[in-house]
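Report on the following structure.
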Amino acid sequence: MEQSKRDGAKVFVAVGGWSYEGKPLQPVFEQVAASDDTRKLLIENICAFAEEYNLDGVELDWEHPNKNTIADYEKLAVELSAALKLMGKETTAALNGAWSSTAGPEPSMVLTDECLKSFSFINVMAYDTNNTDHSPIWFSGTSIDYWLNRGVPAEDIVIGMPLYARPSWKQFRHLVAE
Numbered sequence: 004m005e006q007s008k009r010d011g012a013k014v015f016v017a018v019g020g021w022s023y024e025g026k027p028l029q030p031v032f033e034q035v036a037a038s039d040d041t042r043k044l045l046i047e048n049i050c051a052f053a054e055e056y057n058l059d060g061v062e063l064d065w066e067h068p069n070k071n072t073i074a075d076y077e078k079l080a081v082e083l084s085a086a087l088k089l090m091g092k093e094t095t096a097a098l099n100g101a102w103s104s105t106a107g108p109e110p111s112m113v114l115t116d117e118c119l120k121s122f123s124f125i126n127v128m129a130y131d132t133n134n135t136d137h138s139p140i141w142f143s144g145t146s147i148d149y150w151l152n153r154g155v156p157a158e159d160i161v162i163g164m165p166l167y168a169r170p171s172w173k174q175f176r177h178l179v180a181e
């Protein structure tokens with residue numbers, strides 16, 4: 004951590020993801036974000052963690068909000084961002100590309116402008132389109148165009164790149180060795 008800071012790198016922690024111990028995290032996010040009390044507690048704990056470990060920011064990785072949960076996602080994103088800003092820290096989000104292989108275009112389409120304004124930048128998951136052609140290069144371009152058209156400045160879009168292959172799930176170092 005200290006070396007990263009000396010080198011001028013920013014250090015973030017991602018909160019969430021697809022699953023934990025094989026169980027999807029989406030229902031957990033839905034339950035926590037729907038309650039003012041539990042959402043507040045989550046934000047307090049995230050802020051305490053960011054402070055304790057001297058992080059520069061936090062990435063929100065809720066996969067995936069939908070039309071029924073977007074209002075709660077927005078509350079979480081906006082409130083987390085406000086709390087972290089008071090600490091001089093940033094908020095970002097892991098967002099789908101132009102669509103999700105598991106949820107279609109809805110997670111990207113329902114994201115509100117208010118959500119997008121609360122993020123310092125976005126990390127776009129431009130991969131996992133399906134199992135046979137899961138990370139085509141054209142999907143990165145399509146995803147960049149999608150978020151640009153949604154009003155996200157180009158300098159605030161970071162494209163995620165998988166370092167694995169499907170269906171093999173080999174690690175990058177093994178792919179290179181072949």
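Take 4 as the starting number for the sequence shown in this note's numbering and just add one per residue. All residues carry an ideal CB built from backbone N, CA and C; glycine is no exception. What you are looking at is a predicted structure, and each value in this text was computed from that prediction instead of being measured.
Practice task
Would you mind working out which of THR132, LYS120, TYR56, GLY163 sits nearest ALA85, comparing C-alpha positions?
Solution key: The count along the sequence shown starts at 1 and reaches residue 85 at position 82. For ALA85, the nearest C-alpha among the options comes from LYS120.
Problem - From PRO27, LYS78, ASN126, residue whose alpha carbon lies closest to that of VAL61 - result: Numbered from its first residue, the sequence shown carries residue 61 at position 58. Closest in alpha carbon position to VAL61, among PRO27, LYS78, ASN126, is ASN126.
Exercise for the section: Out of PHE52, LYS78, ASN152, GLY144, state which residue places its alpha-carbon closest to the alpha-carbon of VAL3. Expected result: The first residue shown for the chain is 4 and the last is 181, placing residue 3 beyond what the model contains.
Practice task
With DSSP as the reference, label LEU44 as helix, strand or coil.
Solution key: Reading the sequence shown from its first residue, position 41 is the one you call residue 44. The answer is helix: DSSP assigns LEU44 an H, G or I state.
Problem - Per DSSP, cross-strand counterpart(s) of SER22 - result: Mapped onto the sequence shown, residue 22 falls at position 19. DSSP lists PRO27 as partners of SER22.
Problem - Whether GLU117 touches GLU77 by CB criterion (9 Å) - result: Taking the first residue of the sequence shown as 1, we reach residue 117 at position 114. Taking the first residue of the sequence shown as 1, we reach residue 77 at position 74. Closer than 9 Å, so yes.
Practice task
Using only alpha-carbon positions, find the residue among THR132, PHE122, PHE175 that is nearest to VAL161.
Solution key: Residue 161 sits at position 158 when you count from the first residue of the sequence shown. Nearest Cα to VAL161 within the set THR132, PHE122, PHE175: PHE122.
Practice task
Classify GLN29 as buried or exposed, calling it buried when 16 or more other Cβ atoms lie within 10 Å of its own Cβ.
Solution key: Residue 29 sits at position 26 when you count from the first residue of the sequence shown. The Cβ neighbour count for GLN29, taken over all protein chains shown within 10 Å, is at least 16; the residue is labelled buried.
Exercise for the section: Would you list the one or two residues that DSSP bridges to SER103? Expected result: Translated into positions along the sequence shown, residue 103 becomes position 100. In DSSP, SER103 forms a bridge with GLY107.
Exercise for the section: Name the two residues that bound the continuous alpha helix (DSSP H) containing PHE122. Expected result: Against the sequence shown, residue 122 aligns to sequence position 119. No alpha helix (DSSP H) holds PHE122; DSSP gives it neither H nor E.
Practice task
Measure the CB-CB distance between PRO110 and PRO68 and report whether it falls below 9 Å.
Solution key: Translated into positions along the sequence shown, residue 110 becomes position 107. Translated into positions along the sequence shown, residue 68 becomes position 65. Yes, the Cβ-Cβ distance between PRO110 and PRO68 is below 9 Å.
Handout entry: Candidates ASP59, LEU151, LYS13, GLU158: closest to MET90 by CA position
Key = Counted from its first residue, the sequence shown places residue 90 at position 87. Taking only the C-alpha atoms, the option nearest MET90 is ASP59.
Handout entry: Three-way DSSP call (helix, strand, coil) for GLY163 in this model
Key = On the sequence shown, position 160 is the one that residue 163 refers to. GLY163: coil per DSSP, three-state reduction.
Handout entry: Short Cβ contact (9 Å threshold) for TYR149 with GLY100
Key = On the sequence shown, residue 149 is found 146 positions in, with the first residue counted as 1. On the sequence shown, residue 100 is found 97 positions in, with the first residue counted as 1. In terms of Cβ geometry, TYR149 and GLY100 form a close pair [threshold 9 Å].
Problem - Local Cβ density within 10 Å of LYS70, reported as buried at 16 or more and exposed below that - result: Here residue 70 refers to the residue found at position 67 of the sequence shown. Classification of LYS70: exposed, given that the 10 Å Cβ count is below 16.
Exercise for the section: Kindly indicate which residue of TRP102, GLU66, VAL113, GLU158 has the alpha-carbon position closest to the one of HIS137. Expected result: As a position in the sequence shown, residue 137 is number 134, starting the count at 1. Minimum Cα distance to HIS137 is reached at TRP102.
Handout entry: Those residues which DSSP pairs with TRP65 across a bridge
Key = Translated into the one-based positions of the sequence shown, residue 65 becomes position 62. TRP65 is bridged by DSSP to GLY20.
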